[in-house]
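Per the UniProt record's numbering, the sequence shown starts with residue 1, numbered consecutively.
C-beta atoms are modelled at their ideal positions from N, C-alpha and C, and glycine is treated no differently.
Given the structure is predicted, the values throughout are model-derived calculations rather than measurements.
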Amino acid sequence: CRQSSTRWTPTTDQIRILKDLYYNNGVRSPTAEQIQRISAKLRQYGKIEGKNVFYWFQNHKARERQKKRLIAAATTDNTNLPMPMQFQRGVWRSSADDPIHHKYTNP
């Protein structure tokens, strides 16, 4: 059976260095050799293994892509979204049911 290992908790210095490599030095997918060099440097600031560095870059890149997708989705044309609902005279209606909406919008 596999021996259980404790989860890596990066120190503030380790995160600072990893982010510096990512944002200021353009490191996105480090090679095995780069991972070993980065791990050796980060070991000065706390316990770390090569796999921690590998997964940090993989996860950071994925989260950046996800953020970009969310921002892109939030800034796209929202005309296909349903109209907001309003409670009028005891009935839930969409704004599209409003006679003023029909009068001043193109059919």
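Can you tell me the Cα-Cα spacing of I17 and R63, whole angstroms?
-> The straight-line gap from Cα to Cα measures roughly 18 Å.
Report all residues from its chain with a CB closer than 6 Å to the CB of T11; omit the five preceding and five following residues, and keep chain order.
-> Contacts found: Y45, G46.
Enumerate in chain order the residues of its own chain whose CB-to-CB distance from K61 is below 7 Å, with the five nearest sequence positions on each side excluded.
-> Result list for K61: R28, in chain order.
Using DSSP with H/G/I as helix, E/B as strand and the rest coil, what is V91?
-> Residue state, collapsed to three classes: strand.
Neighbourhood of W8 by C-beta distance below 7 Å, restricted to the same chain and skipping five residues each side = Result list for W8: I48, N52, in chain order.
To the nearest angstrom, how far is it from the Cα of R65 to the Cα of G50?
-> Across the structure, R65 and G50 are spaced so that their CA atoms are roughly 23 Å apart.
By Cβ distance below 6 Å, which residues in the same chain neighbour S39 in space, the five residues on each side in sequence not counted?
-> Here S39 has I48, G50, V53 as same chain residues with Cβ atoms under 6 Å from its own Cβ, once five neighbours each way along the sequence are excluded.
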